[in-house]
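Trainee: The numbering of the sequence shown is the working numbering, which starts it at 1 and goes up by one. The beta carbon of each residue, even a glycine, is placed where N, CA and C say it ideally should be. Values in this document were obtained by computation on a predicted structure and should not be read as measured data.
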Amino acid sequence: MRGLFMSVAMLGATLLFFATTAEASHSWGGYHWARTTPSFTLKLGDNVNVAWDASLSLASADWSVSGVLDTTIVPGSAGRNCKATPGMVQVCNAKYGNNGWLGIAQIWISGSHITQGTAKMNDTYFNTSKYNTQAWRRLVMCQEVAHAFGLDHQDEAFNNYNLGTCMDYTNAPSGGIVGNFNYGPSNEHPNLHDYEELNVIYGHLDSSTTIKSSTASRGASVLAQSDGFENASDWGKATGKDGNGRDNRFERDLGNGNKLVTHIFWVQ
1 MRGLFMSVAM LGATLLFFAT TAEASHSWGG YHWARTTPSF TLKLGDNVNV
51 AWDASLSLAS ADWSVSGVLD TTIVPGSAGR NCKATPGMVQ VCNAKYGNNG
101 WLGIAQIWIS GSHITQGTAK MNDTYFNTSK YNTQAWRRLV MCQEVAHAFG
151 LDHQDEAFNN YNLGTCMDYT NAPSGGIVGN FNYGPSNEHP NLHDYEELNV
201 IYGHLDSSTT IKSSTASRGA SVLAQSDGFE NASDWGKATG KDGNGRDNRF
251 ERDLGNGNKL VTHIFWVQ
């Protein structure tokens with residue numbers, strides 16, 4: 001009887017482990033870059049100014065620890081509007097206005113494959129005393145760039161204990177005690193589960209690649225030539241909400257199996 005009890009207990013613990021692991025999955029809709037090799041290098045176009053250079057370099061180095069992807073920073077060609085470029089991610093900062101968002105990541109999808117991406121940081125808010133810190137810059141840069149890999153958040157509540165990853169929303173990116181609440185560790189870098197999730201997302205090979213491609217899908221290419229995508233009217237239908245109940249994920253159908261997918265980091 002004792003042996004049976006122990007076996008049942010072990011089975012319960014095993015099931016709980018797998019249930020917890022499944023719930024912790026944070027792929028963004030299964031979107032991923034198509035590639036034909038077990039590991040790949042993704043270009044990050046540098047369109048940021050000196051205030052953001054260190055944050056971009058750190059994010060690139062942090063995510064390159066992954067066993068399946070490396071990133072390399074190259075000169076950007078996106079301009080203020082951060083026009084997308086096929087086969088890479090353009091990273092930008094500018095004063096995009098009092099539109100409510102701190103950071104925005106957008107990926108162009110063909111089927112389930114990412115063909116191009118952008119990550120934008122809104123200096124209208126980063127120039128204010130609340131957000132003009134290295135901790136906030138590191139968190140938002142790290143997160144927006146990672147959305148372009150196909151990663152989603154691990155947690156979307158702002159006022160709970162930090163998970164120690166930039167894929168976790170928080171009111172205190174550097175952690176510690178803020179307003180008599182202990183937020184715990186810093187959320188300025190990826191954590192182990194982020195790397196594990198990348199291994200899951202890129203745990204298969206594709207028959208073709210969307211990395212470094214000279215052309216994107218027709219719908220994505222046409223839309224990328226336009227200006228904007230900074231306002232809600234550009235994003236299409238809402239498909240998800242953050243921990244404060246605000247729409248923060250959107251999809252815009254471009255036709256022929258193509259779409260623009262947007263992730264918003266709203267100002268607190």
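Can you tell me the Cβ-Cβ gap for Leu-273 and Gln-106, rounded? I've got them flagged as a contact below 8 angstroms.
Mentor: For residue 273 there is no data in the structure shown, the boundaries of the chain being 1 and 268.
Trainee: Quick check: the Cα distance between Gly-79 and Ser-186, rounded to an integer number of angstroms?
Mentor: Those two C-alpha atoms are separated by around 32 angstroms.
Trainee: Would you mind working out which of Trp-101, Ala-148, Ala-119 and Asn-160 sits nearest Gly-179, comparing C-alpha positions?
Mentor: Out of Trp-101, Ala-148, Ala-119 and Asn-160, Asn-160 has the C-alpha closest to the C-alpha of Gly-179.
Trainee: Quick one: using the 10 Å Cβ neighbour count with 16 as the cut-off for buried, is Lys-95 buried or exposed?
Mentor: Label assigned to Lys-95: exposed.
Trainee: Touch check for the segment 51-60 and the segment 230-237: three-plus C-beta pairs under 8 angstroms?
Mentor: The segment 51-60, when compared against the segment 230-237, does not touch it at the 8 angstroms Cβ threshold.
Trainee: Assuming Cys-142 and Asp-62 are in contact, meaning their beta carbons sit under 8 angstroms apart, how far apart are those beta carbons, in whole angstroms?
Mentor: Cys-142 to Asp-62, Cβ: 6 angstroms. Contact.
Trainee: Look up Leu-254 in the DSSP assignment and give the residues it is bridged to.
Mentor: Answer is none; Leu-254 lacks a bridge partner.
Trainee: Closest to Thr-36 by CA distance: which of Arg-252, Asp-206, Asn-244 and Ala-238 is it?
Mentor: Comparing Cα-Cα distances from Thr-36 to each of Arg-252, Asp-206, Asn-244 and Ala-238, the minimum goes to Asp-206.
Trainee: Find out if the Cβ-Cβ distance for the pair His-113, His-32 is shorter than 8 angstroms.
Mentor: Against a cut-off of 8 angstroms, the Cβ pair of His-32 and His-113 comes out as a contact.
Trainee: Have a look at the DSSP bridge pairing and note the partners of Arg-249.
Mentor: According to DSSP, Arg-249 bridges with Gly-240 and His-263.
Trainee: If I follow the unbroken beta strand (DSSP E) through Ile-211, where does it start and stop?
Mentor: Looking at the DSSP string, Ile-211 is not in any beta strand (DSSP E), and its letter there is neither H nor E.
Trainee: So Pro-173 packs on Trp-136, CB below 8 angstroms; how close in whole Å?
Mentor: Sure, about 5 angstroms apart at Cβ, within 8 angstroms.
Trainee: Is the distance from the Cβ of Lys-237 to the Cβ of Glu-251 below 8 angstroms?
Mentor: Yes, these two residues count as a Cβ contact at 8 angstroms.
Trainee: Taking 8 angstroms as the CB-CB cut-off, is Gly-240 touching chain B?
Mentor: Of the protein chains in the structure, only one exists, and it is not chain B.
Trainee: Would you mind sorting Arg-246 into buried or exposed? The rule is 16 or more other CB atoms within 10 Å of its CB.
Mentor: Answer is exposed; the Cβ neighbour count stays below 16.
Trainee: Determine, using beta carbons only, whether Leu-69 and Phe-149 come nearer to each other than 8 angstroms.
Mentor: Yes, Cβ-Cβ distance for Leu-69 and Phe-149 is below 8 angstroms.
Trainee: Using the Cβ count rule (16 or more neighbours within 10 Å means buried), how would you classify Gly-103?
Mentor: By the neighbour-count rule (16 or more Cβ atoms within 10 Å), Gly-103 is buried.
Trainee: Go ahead and pull the three-state DSSP assignment for Asn-126.
Mentor: The sequence given here places Phe at residue 126; Asn does not occur at that position. If DSSP states are grouped into helix, strand and coil, Phe-126 belongs with the helices.
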